[in-house]
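Novice: Protein sequence lines, in the order shown, are assigned to chains Y, A, R and E.
Just so you know, we're using our numbering here: the first sequence kicks off at 1030 and counts up by one.
Just so you know, we're using our numbering here: the second sequence kicks off at 1030 and counts up by one.
Just so you know, we're using our numbering here: the third sequence kicks off at 1030 and counts up by one.
Just so you know, we're using our numbering here: the fourth sequence kicks off at 1030 and counts up by one.
Next up is a structure, given as structure tokens.
Number of protein chains: 4
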Amino acid sequence: MKALVYHGPGQRTWEDKPKPTIEHPTDAVVRITHTTICGTDLHILKGDVPTVEPGRTLGHEGLGVVEEIGEGVANFTVGDPVLISCVTSCGRCDYCKRGMYAHCRDGGWILGNMIDGTQAEAVRIPHADNSLYRLPPDMDPSAAVMLSDILPTGHEIGALNGEVRLGDTVAIVGSGPIGLAALLTTRFYSPARIIMIDPDENRLAMARQLGATDTIASDPIDAVMKLTDGEGVDVVMEAVGIPQTFDICQRIVRAGGHIANIGVHGKSVEFHLEDLWVKNITVRTGLVNTNTIPVLMRILEAGGVEPALLVSHRFALDEIEQAYDVFSQAAEKKAIKLLLTAH
Amino acid sequence: MKALVYHGPGQRTWEDKPKPTIEHPTDAVVRITHTTICGTDLHILKGDVPTVEPGRTLGHEGLGVVEEIGEGVANFTVGDPVLISCVTSCGRCDYCKRGMYAHCRDGGWILGNMIDGTQAEAVRIPHADNSLYRLPPDMDPSAAVMLSDILPTGHEIGALNGEVRLGDTVAIVGSGPIGLAALLTTRFYSPARIIMIDPDENRLAMARQLGATDTIASDPIDAVMKLTDGEGVDVVMEAVGIPQTFDICQRIVRAGGHIANIGVHGKSVEFHLEDLWVKNITVRTGLVNTNTIPVLMRILEAGGVEPALLVSHRFALDEIEQAYDVFSQAAEKKAIKLLLTAH
Amino acid sequence: MKALVYHGPGQRTWEDKPKPTIEHPTDAVVRITHTTICGTDLHILKGDVPTVEPGRTLGHEGLGVVEEIGEGVANFTVGDPVLISCVTSCGRCDYCKRGMYAHCRDGGWILGNMIDGTQAEAVRIPHADNSLYRLPPDMDPSAAVMLSDILPTGHEIGALNGEVRLGDTVAIVGSGPIGLAALLTTRFYSPARIIMIDPDENRLAMARQLGATDTIASDPIDAVMKLTDGEGVDVVMEAVGIPQTFDICQRIVRAGGHIANIGVHGKSVEFHLEDLWVKNITVRTGLVNTNTIPVLMRILEAGGVEPALLVSHRFALDEIEQAYDVFSQAAEKKAIKLLLTAH
Amino acid sequence: MKALVYHGPGQRTWEDKPKPTIEHPTDAVVRITHTTICGTDLHILKGDVPTVEPGRTLGHEGLGVVEEIGEGVANFTVGDPVLISCVTSCGRCDYCKRGMYAHCRDGGWILGNMIDGTQAEAVRIPHADNSLYRLPPDMDPSAAVMLSDILPTGHEIGALNGEVRLGDTVAIVGSGPIGLAALLTTRFYSPARIIMIDPDENRLAMARQLGATDTIASDPIDAVMKLTDGEGVDVVMEAVGIPQTFDICQRIVRAGGHIANIGVHGKSVEFHLEDLWVKNITVRTGLVNTNTIPVLMRILEAGGVEPALLVSHRFALDEIEQAYDVFSQAAEKKAIKLLLTAH
């Protein structure tokens, strides 16, 4: 079969590779029908993620059809259409029993990282009963593939960790794919106002289309303070991953407010406890557990969210190298999420 | 009457001052029977709290008897024995209606800060209906005075903000008065283990007496990791207020764990988001709201907590200058909390 | 002034009465600009509410302008446009401090019950600081008057007590005014499905307009089981107040589900613990606290709810007797809520 | 091997039966070292539980040693000392993923009910990874066996469903084994007062030993109202299972309070919604999920609870018929829980 293989910093090829097989009784092999590329894949290609070794197939998002199952798999049979969670979870360790799949003692984010991933014609999924989700028959794949990672991340690490409540004023710093996913899922909890902050006007226009009530391209601290009569916001989400954007969050959160960190940070930040110790704030961090995939699927079926709007570009699966080229120039190409379809 | 008056950095005297009077219909004047000294009072004396102007009577803790009430006061009458909350709250602004008294728009921590405090023979208490609590007849004053500030702070900003749960492993960094108050109130929620961390062996001995299951005087990160099989702790409370102790907290909190910051910080800290972004942790900060005073009073009446054990030294109220001398050498004098009694 | 006065079962007149005056320092007198009629007013007229004595002015909902304030009132001044909460609360008793205004020790539901109410040209509001809410300048009065009682009741006793969560299947038994208010506010929490149950097809049509995904006019237990593959619903709200409708709730709630009782019951019901003891369900009851009025007002301002759609008929205030005639034949007249406007 | 077999109402014998074997890859066979008898076993013997067919081995509590495992079992190996949960759970259905093991689609309470149970020399445990818990080396078996059912039931269905909070006044109606287990676990949450209600003075004496602050043998409604100044209790637990005791609960719960139903009810009860609709109360029911077994085990190890105090009588496993005789005359024999030990 073909797979997108990492060969060290800056090097990736769509090349032949042996098809995966069942290694453990709880495994399934899934033929990929759709996949996408995540910002994290670009980080890997920069060499920033040391756990990814050369020879690894990338990708941790996707849809497919079950081709083979181990004898310990109970929830699926061959031929089932499935959604692949970006997080693999055994379902029986202490973390899994608490719903903390990201910290599974025999899983977590390993796809396209410690084991071969989904940017291929087929993938082996360990602990299939807990790591795959049956796709409803008529679900639009452009929407469904967003449930592998980006929508649950926006939801769990943005909206839920931010404890968005009815009537809140929410700010999201960063209007890229993950910020927009946070925006879409924040709306489930009916805040009064969602302020998107990003220097890129294209992305802010997209944010307004997806339900942002206010957008800010420059001087975000002043602008938020003006919009909120100097009070600041109830919830702020960091969706970039650098010290400057975390700093904005600290400056605009109001007393009693929440900071939800979604961004992947490569270095430490300065945390202004000399101001914040007295402000009764909460900061939360986290990797997605994807334990909200079932409920997101119900909402998607009910028409309560339209994640397909995040898909800006479409490719055939074997055009994936071209897709990487587009995604790595996201701003210029106005790329948000790409859909890759196997034919 | 006599009062302990601040006259600029390093300068305080027990001196004559006019007795306070009712200024607003919701005020009460309380004759002080007992008070104590807080670590914050020492910070004020160093000149670290710029809102405190020379001429101010210090103190924000105390018990007393209502001597005079404004015509808008409904909950109290002259002669009532009362506990004074360190936080004044109007009860009718948006923050107060949410129980966030620390951020009251006409109050907050103002006693002994923006207005004259409790280290005096009498004090004016604004918004008496929300800022005073009736004392049960037979309550030990040594215990009761701990409910003005230190016990609710340990409880709200330590145990509640740390979300201590049944069976948790909790670490408290700093075994001074506030760390010990956090220890006492953490026990309400039945953790399996409470680890106290402090270089002072006297304070650790006190912690063991008050219910710590483990104590650590040096190399706290290694020691905690050994005690927890490398997992770290479910909850860690910062009860010192310097970057080094906040750093210990970041290093020993486990995935999914909580950091509750109780310490008063004078400068920013380095926050290791490069490690913590992936760990699903929560950091909370806060000034005490004292909205748990009523429940703490019920527990105290029921014999469920013994805060009088925190009282290490006793003085007459007019010996307060001597008490300050002792408290400012807390380590040498083995001082925890001091009880000052008017005669 | 004129007022709608109760003179015993079945007897009410729009008649002259002395204008109310300030009786306590925390009172305000409000000139009524808009009011409405509640189903409870009809119960009173049947003689079902023994606390209402002949001579009482009815009504507990309304908007107006502050005409006079006691000297203890801080949040309002003469001329302020205000919303009147159906629940009066002192703000300083133990229940009020916990946000349980319905059980205020010097208030609760007393307007148009134990004291004269809002169906008059003016009304005295005790504890004005906690019982009135400032109206934003451009708020549509048809919408705003729904915030006195019916919208907070649907929200607090329906959506919040039912613990509606993202993706839930919710059933509401009773599509009258309160059932429809529960429907509008349930939508804040993004359930996947809202099933309205009522024998009246007009009311079901209204429910569909307001966002119901399914409606059931007959055989509700079978119909719900068919719609839910035999599982039952996550949340069911009782919005009628009779044993038969409570019974439906018990039959359609799924394991782990919630029953929120909104209906006003005149007699006991049979509770099927022989089936339900094993089903891990929750039943909640309650009188509205109206402590969510501020957040509902923010949502209304942000365009997130359209309660004005509940207004089916409009009258001048002095046509109130005619309005009562219409409202007491609600089904025939297709009446939901009536708006009475003073001129 | 020997097993205690049900042969229809009133008939049970300790008799030979084939030893269980692995039937599914996720099964384990456990050699029983300790077991006990539950009140539910007596109900079964009365013929009250129609799912139990003649020929069934009874019992759903116990400790043992793993003798054989299916190839899909990952958490255990032969020789491991284990605690058996009374609830079997697959860990991968929708209910299990939400922690609702009692409603597992391939499990729930089936041991000694739909499949052979633990009152035998060996038992087959389906879904062993989720239904067994490793025993710490030095745990007292008298204490540990209480974690199969009675302690998690008291905890989850009593203390947690009752939402016991710091400083609450709690009443428990019924001071039998389950009421006492509720008492022990309620103490984890530091209520100010625990009132036990039971006509049997022996059981009340036991309750006082285990931490009850007040006990009531007769006229419970009046007595509770006297103890609480007419307010009623914050939390009341029904630990009997008949209409009269549920009625007591309704009469003594205060506004805003909680009723936790633990009792197994054979018929419906009269629910006084005509009084309670206005009182903002919560009623919860449930079968135990046993998902708190791990935390209870940590607390037991830490010395935070002493369930061994519930053991009133000890027998050898092959004396089980005699043990049943004693347990069926619990009041006369002052029996609470019996420990049966295999030799």
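For each residue, glycine too, the CB sits at the ideal point set by N, CA and C.
1) Using a Cβ distance threshold of 8 Å, determine whether the segment 1158-1170 of chain E contacts the segment 1109-1128 of chain E, with at least three qualifying pairs required.
2) Output the boundary residues of the beta strand (DSSP E) element that contains Val1265 (chain A).
3) Cβ closer than 9 Å: which chain R residues qualify as neighbours of Ile1310 (chain E)?
4) Should Arg1219 (chain R) be labelled buried (16 or more other beta-carbon atoms within 10 Å of its own) or exposed?
5) Taking the alpha-carbon positions, what's the Val1334 (chain E) to Ile1250 (chain E) distance?
6) Does DSSP put Lys1362 (chain E) in a helix, in a strand, or in coil?
7) Do Ala1172 (chain Y) and Leu1329 (chain Y) have their C-beta atoms within less than 9 Å of each other?
8) Measuring straight from C-alpha to C-alpha, what distance separates Met1266 (chain R) and Ile1288 (chain R)?
9) Mind reading off the beta-carbon distance from His1089 (chain R) to Gly1141 (chain R)? Whole number of angstroms is fine, and I expect it under 8 Å.
10) Specify, as a first and last residue, the run of the alpha helix (DSSP H) that Tyr972 (chain A) falls within.
11) Distance, Cα to Cα, Lys1308 (chain A) vs Ile1179 (chain R)?
12) Kindly indicate the opening and closing residues of the alpha helix (DSSP H) around Lys1255 (chain R).
13) Which residue comes first and which comes last in the beta strand (DSSP E) that contains Tyr1035 (chain Y)?
14) Comparing the C-beta of Ala1221 (chain Y) with each C-beta of chain A, is any distance below 9 Å?
15) Within the continuous alpha helix (DSSP H) that includes Phe1356 (chain E), where are the two ends?
16) Please report the Cβ distance between Ala1131 (chain Y) and Val1312 (chain Y), rounded to the nearest whole angstrom; I am assuming they are in contact, meaning their Cβ atoms lie under 8 Å.
17) Helix, strand or coil for Glu1330 (chain A)? Go by DSSP, reduced to three states.
18) What did DSSP end up calling Asp1081 (chain E) once you bin it into helix, strand or coil?
19) Can you tell me whether Ser1341 (chain Y) is helix, strand or coil according to DSSP?
20) What does Glu1097 (chain A) pair with, by DSSP beta-bridge criteria?
21) Return the residue from the list R:Arg1283, R:Gly1270, R:Gly1076, R:Ala1246 that minimises the CA-CA distance to Val1264 (chain R).
22) Alpha carbons only, please: which of A:Pro1228, A:Glu1230, A:Asp1070, A:Pro1181 is nearest the one belonging to Leu1212 (chain A)?
23) Using CA atoms only, rank isn't needed, just tell me which of E:Trp1306, E:Ser1204, E:Asp1145 is closest to Lys1363 (chain E).
24) For a cutoff of 9 Å on Cβ pairs, would you count Tyr1218 (chain R) as touching chain Y?
25) Going along chain Y in order, which residues have a C-beta closer than 9 Å to the C-beta of Pro1181 (chain E)?
26) Of all the CB atoms in chain A, is at least one closer than 9 Å to the CB of Leu1325 (chain E)?
27) Counting only beta-carbon separations shorter than 9 Å, does Arg1194 (chain E) have a partner in chain A?
28) Answer with buried or exposed for Asn1231 (chain R), where buried requires no fewer than 16 other C-beta atoms within 10 angstroms of its C-beta.
29) Taking DSSP's pairing of strands, which residues face Gly1091 (chain R) in a bridge?
30) Mapping the DSSP letters down to three states, classify Arg1280 (chain E) as helix, strand or coil.
31) I need the straight-line Cα distance from Leu1239 (chain R) to Ile1291 (chain R), nearest angstrom please.
32) Are any of the Cβ atoms in chain Y nearer than 9 Å to that of Asn1318 (chain E)?
33) How close, in whole Å, do the beta carbons of Ile1365 (chain A) and Leu1112 (chain A) come, if the pair is a contact with beta carbons under 8 Å?
34) Use the C-beta contact count for Ser1177 (chain R): other C-beta atoms within 10 angstroms, 16 or more gives buried, fewer gives exposed.
35) Give the straight-line distance between the Cα atoms of Ala1246 (chain A) and Ala1234 (chain A), rounded to the nearest whole angstrom.
36) Please say whether Gly1084 (chain Y) and Gln1148 (chain Y) have beta carbons closer to each other than 9 Å?
Specialist: Taking the structure as given:
1) yes
2) 1262-1267
3) Val1312, Arg1313, Thr1314, Gly1315
4) Note on identity: in this sequence residue 1219 (chain R) is Ser, with Arg being the wrong assignment. Classification for Ser1219 (chain R): buried.
5) 30 Å
6) helix
7) yes
8) 6 Å
9) 4 Å
10) Because residue 972 (chain A) is not part of the residues shown, which for chain A are 1030 to 1372, the question remains open.
11) 44 Å
12) 1249-1256
13) 1031-1035
14) no
15) 1349-1356
16) Rounded, the Cβ-Cβ distance is 18 Å, inconsistent with contact.
17) helix
18) Looking at the sequence provided, one finds Val at residue 1081 (chain E) rather than Asp. Of the three classes helix, strand and coil, the one that applies to Val1081 (chain E) here is coil, per DSSP.
19) strand
20) A:Val1058
21) R:Arg1283
22) A:Pro1181
23) E:Ser1204
24) yes
25) Simply none; closest approach about 14 Å.
26) yes
27) yes
28) exposed
29) R:Ile1113
30) helix
31) 19 Å
32) no
33) Rounded, the Cβ-Cβ distance is 20 Å, inconsistent with contact.
34) buried
35) 11 Å
36) no
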